[in-house]
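Okay, structure first, notes after.
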Amino acid sequence: MSVVGRYASWLLAASLLSGCASVGHKAPVGVETISGKLSVRVDASAAAPARSESGNFELKGTPDDGQLNLSSPLGTVLAQARWSGQRAWLTTAQGEVAYPDLDSLTQEMLGERLPVAALFDWLRGRPWPGASSQANAAPTGPGFQQLGWSVDLARFADGWITAQRAQAPVVTVRARVDAP
Numbered sequence: 023m024s025v026v027g028r029y030a031s032w033l034l035a036a037s038l039l040s041g042c043a044s045v046g047h048k049a050p051v052g053v054e055t056i057s058g059k060l061s062v063r064v065d066a067s068a069a070a071p072a073r074s075e076s077g078n079f080e081l082k083g084t085p086d087d088g089q090l091n092l093s094s095p096l097g098t099v100l101a102q103a104r105w106s107g108q109r110a111w112l113t114t115a116q117g118e119v120a121y122p123d124l125d126s127l128t129q130e131m132l133g134e135r136l137p138v139a140a141l142f143d144w145l146r147g148r149p150w151p152g153a154s155s156q157a158n159a160a161p162t163g164p165g166f167q168q169l170g171w172s173v174d175l176a177r178f179a180d181g182w183i184t185a186q187r188a189q190a191p192v193v194t195v196r197a198r199v200d201a202p
């Protein structure tokens, strides 16, 4: 995977997890800032080897208009994603690349389209209102199923959330959001 692809994977995962747990502080005009640690894993497929990344993130904005910074464990900013309306941009040391939308950015970088709009709700511990959902059965713990993904909220009170798509290749995103 290219350097841009690796950092975009991080940015994608962070954007997916941006809403989990409490908000760090409020910025002007309802813009949220959320930060924490995350990991994303895409299992191997016939077309690509397994990919896994982890690091720190800081997210500002909403699913419609926002910015995401990805940094190393030592705090060095590695990449920045910005999106507004139907456009998304990824900026790394190699330059900036534009995409028609955040879903296209995820498709290009991970080889998979991810439901970014739905994940903003999922990571707040609730199903996305744009599609039907089903609560998990008691033995699987708190959470729900939606759009082919399982959202595990067993550790939500501690700031942890896991979203996993079982369809091959399996994609697993985990985050721990910093307390305010």
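To convert, note that position 21 of the sequence shown is 43 in the working numbering; the numbers rise steadily by one, no gaps.
Every residue gets a Cβ at the ideal spot worked out from N, C-alpha and C, and that includes glycine.
Cβ-based burial, residue i [other Cβ within 10 Å; buried from 16]
{"i": "residue 97", "result": "exposed"}
{"i": "residue 118", "result": "exposed"}
{"i": "residue 67", "result": "exposed"}
{"i": "residue 115", "result": "exposed"}
{"i": "residue 168", "result": "buried"}
{"i": "residue 128", "result": "buried"}
{"i": "residue 120", "result": "exposed"}
{"i": "residue 50", "result": "Low confidence applies here, because residue 50 scores a pLDDT of 37, under 50, leaving its location unreliable; read the following figure in that light. So residue 50 counts as exposed."}
{"i": "residue 170", "result": "exposed"}
{"i": "residue 184", "result": "buried"}
{"i": "residue 148", "result": "exposed"}
{"i": "residue 180", "result": "exposed"}
{"i": "residue 47", "result": "Its pLDDT being 32, under 50, residue 47 is placed unreliably in this model, and the value from its coordinates should be taken loosely. Exposed, because fewer than 16 other Cβ atoms sit within 10 Å of the Cβ of residue 47."}
{"i": "residue 189", "result": "exposed"}
Cross-strand partners of residue i (DSSP beta bridge)
{"i": "residue 194", "result": "63 and 186"}
{"i": "residue 104", "result": "89 and 111"}
{"i": "residue 162", "result": "The partner list for residue 162 (beta bridge, DSSP) is empty, contrary to what the question assumes."}
{"i": "residue 156", "result": "167"}
Limits of the unbroken alpha helix (DSSP H) element including residue i
{"i": "residue 143", "result": "138-144"}
Host beta strand (DSSP E) of residue i (start-end)
{"i": "residue 216", "result": "In the structure displayed, the chain extends from 23 to 202; residue 216 sits before or after that span and is not available."}
{"i": "residue 78", "result": "73-83"}
{"i": "residue 117", "result": "117-121"}
{"i": "residue 172", "result": "171-174"}
Beta-carbon gap between residue i and residue j smaller than 8 Å
{"i": "residue 142", "j": "residue 155", "result": "no"}
{"i": "residue 101", "j": "residue 111", "result": "no"}
{"i": "residue 200", "j": "residue 57", "result": "yes"}
{"i": "residue 193", "j": "residue 130", "result": "no"}
{"i": "residue 108", "j": "residue 122", "result": "yes"}
{"i": "residue 150", "j": "residue 139", "result": "yes"}
{"i": "residue 176", "j": "residue 164", "result": "yes"}
{"i": "residue 64", "j": "residue 72", "result": "yes"}
{"i": "residue 76", "j": "residue 92", "result": "no"}
{"i": "residue 125", "j": "residue 106", "result": "no"}
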